[in-house]
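Shown next, in structure tokens, is the structure this report addresses.
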Amino acid sequence: MTNIASLLLRLSLSAGFLSAVASRLNIFYKNAAGWQGFLQYTAQVNSFLPQSFIPVVAVISTILETILALLLLFGYQTRYAATGTAILTLLFAVAMAISSGIKEPLDYSVFAFSAGAFLLSTLPSYRWSIDRLLSQ
């Protein structure tokens, strides 16, 4: 069951990031808030940062989410990708809590997303992955 759980966790974490990126880039969703909406949300979540930092944070987070999602999707460098995912989402949860209170990251399950990624990073192997193919 660990192999199935590992695969499902990898795929769900990847899908979560890919869905968020697709939304902000208006790839699949015609009614999405798009990049401007994402910039506004980034400013809201990071209310403690100077306004001039917001576009940089938005671009960096989008690039990281895309790279981490693809690494998780294909199971390449899974341990590092899962660790990066855990740290990125934990930072996001903390920023949400600082700016909006603890209820916001709890309502959006950001801590659960982060904990799942941390758990994935601790597994000894990833059966259905590029990592597994390369280790044989």
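For reference, each letter of the sequence shown is one residue, going -14 to 121 in the numbering used here.
The C-beta atom is built at its ideal place from N, Cα and C for all residues, glycine as well.
Whole-angstrom Cβ separation of residue i and residue j, contact assumed at under 8 Å?
| i | j | result |
| --- | --- | --- |
| VAL42 | LEU34 | 7 Å |
| THR63 | LEU57 | 7 Å |
| LEU73 | ARG(-5) | So it is not a contact: roughly 15 Å between Cβ atoms. |
| ALA7 | PHE13 | 5 Å |
| GLU50 | PHE2 | 4 Å |
Using beta-carbon positions only, say whether residue i and residue j come within less than 8 Å of one another.
| i | j | result |
| --- | --- | --- |
| ALA80 | VAL30 | yes |
| SER99 | ALA78 | yes |
| GLY69 | ILE115 | no |
| GLY101 | LEU(-2) | yes |
Go through its chain and collect everything with a Cβ distance to residue i's Cβ below 7 Å, but skip five positions before and after it.
| i | result |
| --- | --- |
| SER32 | SER84 |
| GLY19 | ARG9 and ASN11 |
| GLN75 | The sequence shown places Leu at residue 75, rather than the Gln named in the question. Here the set comprises SER99. |
Between which two residues does the alpha helix (DSSP H) carrying residue i extend?
| i | result |
| --- | --- |
| ASN(-12) | -13 to 9 |
| TRP20 | 19 to 30 |
| LEU56 | 39 to 59 |
| TYR14 | Taken as a continuous stretch (DSSP letters only), TYR14 belongs to no alpha helix (DSSP H), as it is neither H nor E. |
Please list, in chain order, all residues of the same chain as residue i whose beta carbon is under 8 Å from its beta carbon, the five residues on each side excluded.
| i | result |
| --- | --- |
| ILE39 | LEU24, THR27, ALA28 and ASN31 |
| GLU89 | MET81 and ALA82 |
Between which residues of its own chain and residue i is the CB-CB distance below 6 Å, once the five residues before and five after are set aside?
| i | result |
| --- | --- |
| ASN(-12) | ARG112 |
| ALA17 | SER8 and ASN11 |
| ILE45 | none |
| ILE48 | none |
| GLN121 | none |
| ALA66 | LEU53, LEU56 and LEU57 |
Please determine if the region 85 to 95 and the region 109 to 120 are in contact, where contact requires at least 3 C-beta pairs separated by less than 8 Å.
no
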